[in-house]
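A.B. asks: Below is the structure I would like to discuss, written out as structure tokens.
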Amino acid sequence: MPYFVLTPERRDAPLNVVGTQVTVLASNAVTRSFGVTFQRGDEGTGPPPHSHDWDEAFYVLGGEISFFCEGRLHMCRPGTLVHVPRGTVHGFQYGQGGGQMLEITGEGALATRMFTDMDHEIPPGPPDIPKLLAVLERNGVTVEL
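Heads up: the sequence shown runs through residues 1 to 145, numbered per the UniProt record's numbering.
Right, here's the structure in full:
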């Protein structure tokens, strides 16, 4: 794969993922290794505790985001990096006024496919939980209920 430069006007529209707008900057399929997304979430939204078989990291750009990792809560402000190894139970919630961050996923991640499926199959508003869980499971994500 040759190098590429993605300017703002060439980006795809953000995906709507249950209260989070996810802009895919580079998918694992395109880079053949890592993936990068820009995420902007509404206050109080974010995924419940879950795990998956790929590494990921989050770099907080704006707002305050509460990260839950392996039973511990971390209040993360801009400039904070959170590394989550594969198999780690984690989740997060956007704080007052919402927030924004970069997500970097490791090789073999299905995150971009999962976000695309959620955008296409889960309409805005309160989600159909059984349908949401089915989309997550199909993409290798286990929700810890």
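Idealized CB from N, CA, C, for every residue including glycine. If you're wondering where the values come from, they're calculated on a predicted model, not measured in any experiment.
#1: Do M101 and Y59 have their CB atoms nearer than 8 Å?
#2: Report buried or exposed for F4, applying the criterion of at least 16 other Cβ atoms within 10 angstroms of its Cβ.
#3: In chain order, which continuous runs of the beta strand (DSSP E) of length 3 or greater are located wholly inside the region 6-87?
#4: Check for me: the beta strand (DSSP E) holding I104 runs from which residue to which?
#5: For T142 and F68, I'd like the C-alpha separation in whole angstroms.
#6: Are G46 and G91 closer than 8 Å when you measure CB to CB?
#7: Sort V84, G63, G62 by Cα distance to R72 and report the nearest one.
#8: Can the beta-carbon of G95 be found less than 8 Å from the beta-carbon of G63?
#9: Please go through the same chain and pick out, in chain order, the residues whose beta-carbon is closer than 7 Å to the beta-carbon of E70, but skip the five residues on each side of it.
C.D. replies: In short:
#1: yes
#2: exposed
#3: 15-17, 20-26, 35-41, 50-52, 56-69, 72-76, 81-84
#4: 90-105
#5: 15 Å
#6: yes
#7: V84
#8: yes
#9: T88, V89
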